[in-house]
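These notes concern the structure reproduced below.
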Amino acid sequence: MDKKTQTWLEIAENDLEFAEQIVQNQQRPYYAMHFCHQAIEKLLKGVVQHETGKIPPRTHNLEKLLQLTKKELPSEKLEILVDLAPHYLSTKYPEDLEKFYKQYSIEFVRDQAKKIKELF
Numbered sequence: 770m771d772k773k774t775q776t777w778l779e780i781a782e783n784d785l786e787f788a789e790q791i792v793q794n795q796q797r798p799y800y801a802m803h804f805c806h807q808a809i810e811k812l813l814k815g816v817v818q819h820e821t822g823k824i825p826p827r828t829h830n831l832e833k834l835l836q837l838t839k840k841e842l843p844s845e846k847l848e849i850l851v852d853l854a855p856h857y858l859s860t861k862y863p864e865d866l867e868k869f870y871k872q873y874s875i876e877f878v879r880d881q882a883k884k885i886k887e888l889f
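Note that our numbering has the sequence shown beginning at 770, numbered continuously upward.
Laid out in structure tokens, this is it:
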């Protein structure tokens, strides 16, 4: 495995660990969802880097990144990825934050983090 691919995968694992720490601390679960998204995004970028030897595009679109990997996921794992897709921007814009404060309970985020870990 080349150095760039390895770096993408290390960063992805760090983001997932950070999301899990947020859940364990039971504070600000909306940020845990953001870091779960980041973890999968970076995992996919690592696969793109590995498969193509090219720098992955600067996109947060998980489905586009998955297409670039030329890999197929089983339907249950694809569903996890599709469900995660909207959570990137949710923590970036103030008008969305209040809605997400209410939406992301610790239980919801804990469940999502477990599902996301399956993709690793």
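Backbone N, C-alpha and C fix where the C-beta goes; we use that ideal spot for every residue, glycine too.
Computed from a predicted structure; not experimentally measured.
Tell me whether Phe-889 sits in a helix, a strand or coil according to DSSP, three-state version. Counting from one through the sequence shown, the residue named residue 889 turns up at place 120. The answer is coil: DSSP assigns Phe-889 none of H, G, I, E or B.
Is it the case that the CB of Leu-778 approaches a heavy atom of the ligand COA more closely than 7 Å? Of ligands this structure carries none, so the ligand COA is not represented either.
Just how far apart, CA to CA, sit Ile-824 and Arg-879? By one-based count along the sequence shown, residue 824 stands at place 55. By one-based count along the sequence shown, residue 879 stands at place 110. Looking at the two C-alpha atoms, the distance is approximately 32 Å.
Inspect the CB distances between the stretch 835–846 and the stretch 864–872 and report whether three or more fall short of 8 Å. Taking 8 Å as the limit for Cβ pairs, the verdict is that the stretch 864–872 does not touch the stretch 835–846.
Given that a residue counts as buried once 16 or more other Cβ atoms are within 10 Å of its Cβ, and exposed if not, what is Thr-828? Start at 1 with the first residue of the sequence shown, and residue 828 comes out as number 59. The residue in question, Thr-828, is exposed, as its Cβ has fewer than 16 Cβ neighbours within 10 Å.
Span of the alpha helix (DSSP H) around Thr-828: Here residue 828 refers to the residue found at position 59 when the sequence shown is read from its first residue. From DSSP, Thr-828 is part of no alpha helix (DSSP H); its letter is neither H nor E.
Taking Val-851 as the reference, give the member of Glu-820, Lys-884, Pro-826, Ala-781 with the closest Cα. On the sequence shown, residue 851 is found 82 positions in, with the first residue counted as 1. It is Lys-884 whose Cα lies nearest to the Cα of Val-851.
In chain order, each alpha helix (DSSP H) run of at least 4 residues that lies wholly inside the stretch 833–885: Runs found: 844–853, 863–872.
Using the Cβ count rule (16 or more neighbours within 10 Å means buried), how would you classify Asp-784? One-based indexing of the sequence shown puts residue 784 at position 15. Buried is the call here.
For Met-802, which three-state DSSP category applies? Here residue 802 refers to the residue found at position 33 when the sequence shown is read from its first residue. Residue state, collapsed to three classes: helix.
Cutoff 8 Å; reference Gln-818; Cβ partners in own chain excluding five residues on either side: As a first step, residue 818 must be located in the sequence shown, where it is residue number 49. Correct list, in chain order: Asp-771, Lys-773, Thr-774, Trp-777, Ile-824, Pro-825.
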